[in-house]
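The block underneath contains the structure these notes are about, expressed in structure tokens.
Right, dumping it as structure tokens:
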């Protein structure tokens with residue numbers, strides 16, 4: 012009997028987390044230095060005050076994302092993460108011809124609340140550069156709330 016109730020709670024929790032879909036605009040800036048771009052697959056997890064997102068594959072069909080000096084835009088749809096995004100985890104799978112990547116920063120905008128969260132990185136995610144890691148947790152650096160203009 013206990014096994015059944017534990018399973019039921021886990022299933023109900025899953026549906027509650029995924030039912031109130033919300034969109035976050037994600038901007039990823041690759042550094043402007045030699046060989047900064049990556050051919051690898053890039054993944055992101057958002058950690059909010061209320062809950063965390065599942066891992067999202069950041070990709071755009073027919074677009075060469077994450078090139079030197081380039082800013083890429085993605086939409087991540089997940090449950091409402093809460094009032095603030097406190098950190099992100101961004102990684103790549105080290106695939107492709109040139110997987111090393113110099114990540115400048117990530118900006119996440121809560122479109123509904125008009126708040127942008129800034130996550131500077133300024134480091135290599137590469138097995139052959141820096142600390143050799145292809146994943147990093149980035150804490151929230153700052154956030155900005157967009158002010159609405161009053162019309163009169």
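Residue numbers (my numbering): 12 to 163.
Glycine included, C-beta positions come from ideal geometry on N, C-alpha and C.
The structure displayed is predicted, hence computed values, not measured ones.
Nearest neighbour of residue 47 by Cα position, chosen from 62, 80 and 98, turns out to be 80.
Counted as a single uninterrupted DSSP element, the stretch harbouring residue 81 is not any beta strand (DSSP E), since DSSP gives it neither H nor E.
The shortest CA-to-CA distance from residue 87 to any of 122, 129, 49 and 142 is the one to 122.
Exclusion of the five residues before and after residue 60 leaves 93, 94 and 95 as the residues of its chain whose Cβ lies within less than 6 angstroms of its Cβ.
The Cβ-Cβ distance between residue 33 and residue 89 falls below 8 angstroms. Of the residues 82, 62 and 63, the one whose Cα lies closest to the Cα of residue 37 is 82. Only exposed fits residue 107, as fewer than 16 other CB atoms lie within 10 angstroms of its CB. Taken through DSSP and simplified to helix, strand or coil, residue 100 comes out as strand.
Going by DSSP, residue 150 is part of the beta strand (DSSP E) stretching over 146 to 150. Rounded to whole angstroms, the separation of the alpha carbons of residue 49 and residue 139 is 13 angstroms. The C-beta distance from residue 118 to residue 135 rounds to 20 angstroms, too long to fall under 8 angstroms, and the pair is not in contact. Between the C-alpha atoms of residue 64 and residue 158 there is a straight-line separation of about 27 angstroms. Counting along the chain, residue 68 sits inside the beta strand (DSSP E) bounded by residues 67 to 69. Among the bridge pairs identified by DSSP, residue 117 is matched with 39 and 130. A residue is called buried once 16 or more other Cβ atoms fall within 10 Å of its Cβ, and residue 74, having fewer, is exposed.
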